[in-house]
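Okay, so the sequence shown: first residue is 382 according to my numbering, each after it adds one.
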Amino acid sequence: MLSVNQIICWHNDNKLDRVIYIDWLNCYIVTIDINNSKAQPIIHRYQEIESAIDGEQASLLNSDPYAKYLMTDSELSTIQCQYRDNAWKAVSLIINYGSSIFEPHERSRVIKEVSELCGRSEPTIRKDLRRYWQGGQIKNALIPRFDSRRGQELSNPISSYLPQILNSLYKYAFSILISLKENIFWSNENFQEFALAYKILTISHHPKRGRPSSLSYAVGKKLGINITIEIREKFRKGIKLFYENRQKMPLTKAYQKTLEKFFNKGYKLSDGILVPNLPLAEELPSFDQFKYWYEKDYDINKKLIAREGQIKYNLVHRAVLGNSTQMAFGPGALFQIDCTIADLYLVSKINRNWIIGRPTLYLVIDVFSRLIVGFAVTLEPPSWLGAMLALENTITDKVEFCKNWGIEITEYEWPSHHLPAEIIADRGEFKSYKANNLSDSLGIEINNTPPYRADFKGIIERSFRYFNDEIIHWLPGSVKHLPSRGERDYRLDGVLTTDAFRKLMILFILDHNNENLLI
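Have a look at this one:
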């Protein structure tokens with residue numbers, strides 16, 4: 382039985398047709414020639430194709446010639462991904478019309494509409510649609526069909542093939558001279574042949590292309606070398622070895638190291654140490670050439686990952702394609718919870734001369750509204766108990782809670798005493814069996830961020846920073862910087878007790894919640 386995307390090989394002319402649609406109800410099949418750059422979909426009766434296969438006039442291929450395009454985005458260049466994605470915008474709209482696009486007139490009408498909508502020319506859309514069908518009806522079938530090696534060769538063809546061309550010319554010139562040597566009496570044609578051979582043999586090398594450098598003007602001739610594919614390959618190896626790594630070597634240093642590694646003529650002893658023996662400067666590629674070809678092949682994502690590491694790239698340099706608010710459909714849908722050690726030293730309320738250390742501060746924030754719905758302050762290290770205190774405060778009636786601390790509010794000022802549908806945490810207290818009770822007993826979905834990905838809950842992380850900048854930094858006993866030698870110990874300036882700090886937190890939260898209203 383035939384299936385979509387199978388390839389039929391016709392034995393009489395070796396034509397390869399791909400099955401792109403099968404209508405089982407009306408018993409017809411649509412195919413397209415995968416090797417014809419102007420191919421159009423052809424409708425056949427299903428019985429016709431089946432009879433051809435049974436009669437050995439055709440057969441089904443076991444391998445797909447387009448399987449080589451099944452690549453991940455990391456294997457593609459930026460240009461390839463951009464072209465594919467732009468083409469896909471138009472093609473995806475066309476295929477949504479279903480089987481009607483296999484009828485030529487309807488297909489032309491649809492392509493015209495999509496062309497006006499996407500701002501892409503009709504011939505280009507036709508070509509992309511044809512490649513989509515021929516390539517197996519996958520998004521990657523729209524990848525430009527050229528490999529990187531061919532692009533490299535075509536980018537500098539003269540330098541690449543110059544040695545072979547010159548060798549052929551030399552052989553031709555020598556053959557002319559040998560034939561002329563045997564002929565004592567030369568005609569005019571013989572003299573012309575001799576002049577051509579002499580001109581060829583006097584070519585010592587291909588002249589340096591491009592604008593002459595300042596040094597070239599000074600000496601009266603062009604200095605430097607042309608960049609060939611072999612030199613570009615050495616550049617790539619040097620970049621990978623000396624620049625795109627965690628040593629974070631500057632490009633100038635990587636250039637020098639590349640010359641010493643790949644362009645030396647050997648090694649010589651200098652003060653008992655082997656050092657690279659480099660050719661003269663005019664026989665080496667310049668730094669500008671090295672920089673030019675690096676920037677031509679430049680991939681910023683690859684560079685940042687190599688120099689900064691995958692963790693820092695994900696946290697600081699990756700493309701931000703959305704925001705946390707998109708994860709919540711409304712208030713109460715998603716809460717973020719986290720804790721930090723506050724940059725403030727507290728004192729005992731029994732004896733103000735006793736420093737009791739820095740408190741652990743928990744915050745719970747509603748992602749959709751940015752409302753701080755709960756908090757907790759403890760003197761214990763981050764723990765499950767502290768997280769539960771914060772969640773308990775989340776479901777507490779805030780009017781009654783604030784009244785206990787001598788603060789009068791209305792419910793409108795802090796309208797939160799509910800459990801969320803989902804909580805996102807950072808693999809700390811909620812990466813435990815105890816957290817399963819929240820799911821099993823209360824139906825709260827628990828999600829933990831991957832390691833080192835604080836950016837996945839950036840709302841609450843920024844709230845800690847905001848609280849530190851606006852409040853804690855200005856309090857006595859706050860941790861401002863590493864103390865200098867002889868400087869006063871800031872811990873001795875602490876005056877706040879845990880109760881005073883909690884009341885300060887309540888006032889800060891009320892101010893925050895009423896400055897960031899949804900309506």
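For glycine and all other residues, C-beta sits at the position ideal for the given N, C-alpha and C.
**Request:** Have a look at 713, 623, 856 and 444 and flag the residue whose alpha-carbon is nearest the alpha-carbon of residue 724.
**Result:** Taking the first residue of the sequence shown as 1, we reach residue 724 at position 343. Relative to residue 724, the option among 713, 623, 856 and 444 whose CA is nearest is 856.
**Request:** Return the first residue and the last residue of the alpha helix (DSSP H) that residue 426 is part of.
**Result:** Position 45 of the sequence shown, counting from 1, holds the residue named residue 426. Judged by DSSP secondary structure, residue 426 falls outside any alpha helix (DSSP H) and instead within the beta strand (DSSP E) spanning 423–426.
**Message:** At the level of alpha carbons, what is the spacing between residue 418 and residue 479?
**Reply:** Sequence index remark: in the sequence shown, residue 418 carries index 37 (1-based). Sequence index remark: in the sequence shown, residue 479 carries index 98 (1-based). Straight across, the Cα-Cα distance linking residue 418 with residue 479 is about 23 Å.
**Request:** Identify which residue in 447, 644 and 404 has its Cα closest to the Cα of residue 659.
**Result:** Within the sequence shown, numbered from 1, the residue matching residue 659 stands at position 278. A check of alpha carbon separations from residue 659 across 447, 644 and 404 identifies 644 as the nearest.
**Request:** Identify whether residue 541 lies in helix, strand or coil by the three-state DSSP scheme.
**Result:** Here residue 541 refers to the residue found at position 160 when the sequence shown is read from its first residue. Caution applies to residue 541, whose pLDDT of 48 falls short of 50 and renders its modelled position unreliable; the model cannot decide the point.
**Request:** Measure from the alpha carbon of residue 413 to the alpha carbon of each residue in 511, 485 and 451, then state which is nearest.
**Result:** Position 32 of the sequence shown, counted from the first residue, corresponds to residue 413. Cα-wise, what sits closest to residue 413 is 511.
**Candidates 842, 826 and 827, of which the one nearest residue 833 by Cα** = The residue given as residue 833 occupies position 452 in the sequence shown. The option with the nearest alpha carbon to residue 833 is 842.
**Asked** If you draw a straight line from the alpha carbon of residue 741 to that of residue 779, how long is it in whole angstroms?
**Response** The count along the sequence shown starts at 1 and reaches residue 741 at position 360. The count along the sequence shown starts at 1 and reaches residue 779 at position 398. Between residue 741 and residue 779, the C-alpha separation is close to 21 Å.
**Message:** Would you call the segment 871–889 in contact with the segment 727–745, where contact means no fewer than 3 C-beta pairs closer than 8 Å?
**Reply:** Cβ pair count under 8 Å is three or more, so yes.
**Message:** Is it buried or exposed, residue 750, if we count other Cβ atoms within 10 angstroms and call 16 or more buried?
**Reply:** Numbered from 1 along the sequence shown, position 369 holds the residue referred to as residue 750. Classification for residue 750: buried.
**Request:** For residue 668, count neighbouring Cβ atoms within 10 angstroms of its own Cβ and tell me buried if that reaches 16, exposed if not.
**Result:** Working through the sequence shown from its first residue, we reach residue 668 at position 287. Residue environment analysis places residue 668 among the exposed positions, since fewer than 16 neighbouring C-beta atoms fall within 10 angstroms of its C-beta.
**Message:** Please give the ranges of any beta strand (DSSP E) in the segment 438–489, keeping only runs that are unbroken, at least 3 residues long and fully inside the region.
**Reply:** Counting only runs of 3 or more, we get 439–441.
**Message:** Taking the straight line between their C-alpha atoms, what separation do you get for residue 790 and residue 783?
**Reply:** As a working mapping, residue 790 is identified with position 409 in the sequence shown. As a working mapping, residue 783 is identified with position 402 in the sequence shown. Whole-angstrom Cα-Cα distance: 7 Å.
**Asked** Between the C-alpha atoms of residue 719 and residue 785, what's the straight-line distance to the nearest angstrom?
**Response** By one-based count along the sequence shown, residue 719 stands at place 338. By one-based count along the sequence shown, residue 785 stands at place 404. Distance between the alpha carbons of residue 719 and residue 785 is about 25 Å.
**Request:** Report the rounded CA-to-CA distance for residue 694 versus residue 746, giving the unit in angstroms.
**Result:** Within the sequence shown, the letter at position 313 stands for residue 694. Within the sequence shown, the letter at position 365 stands for residue 746. The straight-line gap from Cα to Cα measures roughly 26 Å.
**Request:** Please say whether residue 743 and residue 713 have beta carbons closer to each other than 7 Å?
**Result:** Start at 1 with the first residue of the sequence shown, and residue 713 comes out as number 332. Start at 1 with the first residue of the sequence shown, and residue 743 comes out as number 362. Going by C-beta atoms, residue 713 is not nearer than 7 Å to residue 743.
**Message:** Can you find the residues in the same chain that come closer than 8 Å, C-beta to C-beta, to residue 829, ignoring five residues on each side of it along the sequence?
**Reply:** Translated into the one-based positions of the sequence shown, residue 829 becomes position 448. The residues 805, 806, 807, 808, 811 and 812, in chain order, have a CB closer than 8 Å to that of residue 829 in the same chain once the five nearest residues on each side in sequence are set aside.
**Item:** Where residue 777 falls: helix, strand or coil (DSSP)
**Value:** The residue you call residue 777 lines up with position 396 of the sequence shown. Residue state for residue 777 is assigned as coil, using DSSP reduced to three classes.
**Request:** Please report the residue range of the alpha helix (DSSP H) in which residue 514 lies.
**Result:** Your numbering for residue 514 matches position 133 in the sequence shown. In the DSSP assignment, residue 514 falls within the alpha helix (DSSP H) that extends over 503–515.
**Item:** Stretch pair the segment 638–652 + the segment 622–630: three plus CB contacts closer than 8 Å
**Value:** With the cut-off at 8 Å, the segment 638–652 and the segment 622–630 touch.
**Prompt:** Is the beta carbon of residue 447 less than 7 Å from the beta carbon of residue 517?
**Reply:** As a position in the sequence shown, residue 447 is number 66, starting the count at 1. As a position in the sequence shown, residue 517 is number 136, starting the count at 1. Contact flag set, yes.
**Asked** Skipping 5 residues on each side, what residues in its chain have a beta carbon closer than 8 Å to that of residue 894?
**Response** Taking the sequence shown and counting its residues from 1, the one referred to as residue 894 is at position 513. Cβ neighbours of residue 894 within its own chain (closer than 8 Å, five residues either side excluded): 752, 753, 794 and 795.
**Asked** For residue 825, which residues from the same chain have a beta carbon less than 8 Å from its beta carbon, with the 5 sequence-adjacent residues on both sides left out?
**Response** Against the sequence shown, residue 825 aligns to sequence position 444. For residue 825, same chain residues with a beta-carbon under 8 Å away, outside a window of 5 residues either side, are 800, 801, 802, 803, 804 and 819 in chain order.
**Request:** Kindly list the residues whose CB is nearer than 7 Å to the CB of residue 439, restricted to its own chain and excluding five residues on each side of it in sequence; keep chain order.
**Result:** Locating residue 439 in the sequence shown gives position 58, where the first residue counts as 1. So the list reads 389, 390, 391, 392 and 433, once near-sequence residues are dropped.
**Message:** Please report the straight-line C-alpha distance between residue 700 and residue 710, rounded to a whole angstrom.
**Reply:** One-based indexing of the sequence shown puts residue 700 at position 319. One-based indexing of the sequence shown puts residue 710 at position 329. Going from the Cα of residue 700 to the Cα of residue 710 covers about 23 Å.
**Asked** With a cut-off of 8 Å, do at least 3 Cβ pairs link the segment 452–462 to the segment 486–496?
**Response** Verdict: no, contact absent.
**Asked** Rounded to a whole number of angstroms, what is the C-alpha to C-alpha distance between residue 451 and residue 651?
**Response** As a first step, residue 451 must be located in the sequence shown, where it is residue number 70. As a first step, residue 651 must be located in the sequence shown, where it is residue number 270. Between residue 451 and residue 651, the C-alpha separation is close to 53 Å.
**Prompt:** How would you label residue 472, buried or exposed, when you count the other beta carbons within 10 angstroms and need 16 or more for buried?
**Reply:** Your numbering for residue 472 matches position 91 in the sequence shown. Classification of residue 472: buried, given that the 10 Å Cβ count is 16 or more.
**Message:** Please give the ranges of any beta strand (DSSP E) in the segment 608–668, keeping only runs that are unbroken, at least 3 residues long and fully inside the region.
**Reply:** Scanning the segment 608–668 from its first residue to its last, the whole beta strand (DSSP E) runs of 3-plus residues come out as 648–651 and 654–657.
**Asked** Do the CB positions of residue 401 and residue 514 come within less than 7 Å of each other?
**Response** As a first step, residue 401 is located in the sequence shown; it is residue number 20 there, counting from the start. As a first step, residue 514 is located in the sequence shown; it is residue number 133 there, counting from the start. With contacts defined by Cβ atoms closer than 7 Å, residue 401 and residue 514 form a contacting pair.
**Request:** Indicate whether residue 410 and residue 425 have their beta-carbon atoms separated by less than 7 Å.
**Result:** The sequence position of residue 410 within the sequence shown is 29, counting from 1. The sequence position of residue 425 within the sequence shown is 44, counting from 1. With contacts defined by Cβ atoms closer than 7 Å, residue 410 and residue 425 form a contacting pair.
**Prompt:** With 16 other CB atoms within 10 Å as the buried threshold, where does residue 706 fall?
**Reply:** For this step, residue 706 is matched to residue 325 along the sequence shown. Exposed: under 16 other Cβ atoms inside 10 Å.
**Request:** Would you list the one or two residues that DSSP bridges to residue 673?
**Result:** On the sequence shown, position 292 is the one that residue 673 refers to. DSSP lists no bridge partner for residue 673.
**Item:** Nearest neighbour of residue 383, chosen from 674, 408 and 858 [CA to CA]
**Value:** Here residue 383 refers to the residue found at position 2 when the sequence shown is read from its first residue. Among 674, 408 and 858, the Cα nearest to that of residue 383 is on 408.
**Request:** Would you tell me roughly how many angstroms separate the C-alpha atoms of residue 755 and residue 814, rounded to the nearest one?
**Result:** Counting from 1 along the sequence shown, the entry for residue 755 is found at position 374. Counting from 1 along the sequence shown, the entry for residue 814 is found at position 433. Approximately 23 Å between the Cα atoms of the pair.
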